[in-house]
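**Q**
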Amino acid sequence: MHDRTIAELSAALQKGDCSSVELVSATLKAIEDAEALNAFITVLPEQALEAAAKADQLRAKGQAGPLTGIPIAHKDIFCTHDVRTSCASRMLDNFAPPYDAFVVEQLQAAGTICVGKTNMDEFAMGSSNETSWYGPVRNPWDQTRVPGGSSGGSAAAVAARLVPAATGTDTGGSIRQPAALTGICGLKPTYGRISRYGMIAFASSLDQAGPMATTAEDLAMMLQAMAGFDSRDSTCVDQPVPNYQQALKPGALKGLRVGLPKEYFNAEGVAPGVQAAMEAAITTMREAGAELVEISLPNTELAVPVYYVIAPAEASSNLSRFDGVRYGYRCENPVDLEDLYKRSRGEGFGEEVKRRIMIGTYALSAGYFDAYYLKAQQVRRMIRDDFTRAFADVDVIAGPTAPSTAFSVGEKSDDPVQMYLSDIFTIAVNLAGLPALSIPAGLDNGLPVGLQLIGQYFDEGRLLAAAHDFQQHSDWHTRRPAMDR
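Mapping the sequence shown onto UniProt numbering, position 276 (from 1) lands on 276, and the numbers just tick up by one.
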């Protein structure tokens, strides 16, 4: 049961091979047995089993949909009604929202069952899932290594087959990078495709929710439920949601023009094993009928410095609301209002969050705004223009998701710049607002390597179809870490 995809579990439930209660019970047992991964912050056994019983009743009445009774997990950045939503921070350790996020509403309406909230980097700030107030998440392929971040808990839970799918958020690669490092699939949709309502903000012009699962087909099923217009989010685009599963047609790679950026291949810092896996993946696509086109994205090297001006600036603004007054952590016995603010924020936030708040506040300060923030926004437009020119000649763009496989816990903790460079191939996509996904494409010394496919705006269907066809010509997505059950 643990090795089955959403599509397979949905078929099994429909046939009566298992019940949702049985499926959820097995899922909860798997989560308990894998406690050493530290993938979950909150587990919801009573709530999940109650929902499973209701799902079985709906199925008995013939009222079930494809996702009815399927257990999933939510990243602990999505507000869940009366359930702790901590953002992996001491600041929100006691916060139980009075409402559900749009993503939670959508997936609940589709019939999925939330079994718990997954661990993450604090306020989604990190590339390794080591900044969490609740401790680091461990990679199920090698528990001495990180799962990537910030959606590391969701990635580890899916990779270990604790749940068939989970939600994540992607601000600079935080779905795709952990998906690559744990050998699963992760999709960052077009900015505005999924409402950000109820998703605790890090960098509002970059954040986007997305699904994480073991196959492209499962990503399509999850995206179908998650996507849609929501008037509560002014950045959500009112555009019809296509049938993503119908887009998964055989032979999608045949005749597909695949762009290969020269800046992504044989680039400095890319591990030899990752480069070899990319070359093999490109060969697979060519043999499946894809047309390979060399392209250039000349401003790629500017993406990281631009991101680490814009994202901290927006974080500085968004996190100003956590003041110890209205909700969240409050210091003990403050002597006055200034002491309340200083100590509540100083004690409630972790080191990485404080670092980014300080960087962002500096970039937005008088005398530096034009030199840093405004200039970064101008270069952001140049990066977007690079993609616009490239998509005049190609349908999708391919390359490595991350420059290396999973690194050891603690290896980069004292070197923020090296940690930031982990997202060198993913950040530009967020700056441009484009959709992209990562799928398994090989192993390097026993650790997963991810292939990234980038698409044109709202072209998730083509991306998913290409990824699905690739998975018909390879078996990397079927590989799983060796874990005792």
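Just so it is clear, CB atoms sit at the ideal spot from N, CA and C, and this is done for glycine as well.
1. Which same chain residues, not among the five before or five after Arg145, have their C-beta less than 6 angstroms away from its C-beta?
2. Are Gly116 and Val43 touching if we call contact CB-CB under 8 angstroms?
3. Opposite Val306 in the DSSP bridges: which residues?
4. Going by the CB atoms, is the gap between Met226 and Pro242 shorter than 8 angstroms?
5. Counting pairs of beta carbons, one from the segment 307-327 and one from the segment 357-364, are three or more of them closer than 8 angstroms?
6. Using a Cβ-Cβ distance cut-off of 8 angstroms, determine whether Glu8 contacts chain B.
7. How is the alpha helix (DSSP H) around Ile357 delimited, first residue to last?
8. Suppose the cutoff is 6 angstroms on Cβ atoms and the five residues either side in sequence are ignored; what does the same chain contact list for Asp323 look like?
9. Quick one: is the Cβ of Leu464 within less than 7 angstroms of any heavy atom of the ligand ATP?
10. Within the continuous alpha helix (DSSP H) that includes Arg462, where are the two ends?
11. Measuring alpha carbon to alpha carbon, tell me which residue in Gly65, Phe458, Phe229, Glu314 is nearest Val103.
12. Looking at Gly153: is its Cβ nearer than 8 angstroms to the Cβ of Phe78?
13. Could you pull the start and end residues of the alpha helix (DSSP H) that Ile439 belongs to?
14. Please determine, among Gly198, Thr5, Ala402, the residue with the shortest C-alpha to C-alpha distance to Ile175.
15. Counting along the chain, where does the beta strand (DSSP E) carrying Leu260 start and finish?
16. Give me whichever residues DSSP pairs with Asp142 in a beta bridge.
17. Check Met285 in the structure and name its three-state DSSP category.
18. How is the alpha helix (DSSP H) around Ile454 delimited, first residue to last?
19. Applying the criterion that 16 or more other CB atoms from any shown protein chain within 10 Å of the CB defines a buried residue, is Thr478 buried or exposed?
20. Under three-state DSSP, which class holds Thr118?
21. Could you pull the start and end residues of the beta strand (DSSP E) that Lys342 belongs to?
22. Buried or exposed: where does Glu217 fall if 16 or more other Cβ atoms within 10 Å of its Cβ makes it buried?
23. Please go through the same chain and pick out, in chain order, the residues whose beta-carbon is closer than 6 angstroms to the beta-carbon of Glu460, but skip the five residues on each side of it.
24. Rounded to a whole number of angstroms, what is the C-alpha to C-alpha distance between Gly259 and Met382?
**A** Quick look at the numbers:
1. Closer than 6 angstroms at the Cβ level, and outside the excluded window around Arg145, lie Asn139, Ala406, Ser408.
2. Yes, these two residues count as a Cβ contact at 8 angstroms.
3. Its beta-bridge partners do not exist; DSSP assigns none.
4. No, these two residues do not count as a Cβ contact at 8 angstroms.
5. The segment 307-327, when compared against the segment 357-364, does touch it at the 8 angstroms Cβ threshold.
6. You won't find chain B in this structure, because it holds only one protein chain.
7. For Ile357, the uninterrupted alpha helix (DSSP H) run begins and ends at 351-364, by DSSP.
8. Counting only Cβ-Cβ distances below 6 angstroms, and skipping sequence neighbours, we find Tyr341.
9. The ligand ATP is not among the ligands present in this structure, which contains no ligands whatsoever.
10. It spans 460-472 - the alpha helix (DSSP H) in which Arg462 sits, taken as one unbroken run.
11. The shortest Cα separation from Val103 among Gly65, Phe458, Phe229, Glu314 belongs to Phe229.
12. No, the Cβ-Cβ distance between Gly153 and Phe78 is not below 8 angstroms.
13. For Ile439, no alpha helix (DSSP H) run applies; the uninterrupted beta strand (DSSP E) run containing it begins and ends at 436-444, by DSSP.
14. When each option's Cα is compared against that of Ile175, the closest is Ala402.
15. Membership of Leu260 in the beta strand (DSSP E) is indicated by the continuous run 257-261.
16. According to DSSP, which records beta bridges pairwise, Asp142 is partnered with Asn139.
17. The answer is helix: DSSP assigns Met285 an H, G or I state.
18. Counting along the chain, Ile454 falls outside any alpha helix (DSSP H), though it belongs to the beta strand (DSSP E) covering 447-454.
19. Classification for Thr478: exposed.
20. Under the three-state reduction of DSSP, Thr118 is assigned to strand.
21. First-last for Lys342: 337-348, but that is the alpha helix (DSSP H), not the beta strand (DSSP E).
22. Per the 10 Å Cβ criterion, buried.
23. Pro189, Pro435, listed in sequence order.
24. Each residue's Cα considered, the two are about 19 angstroms apart.
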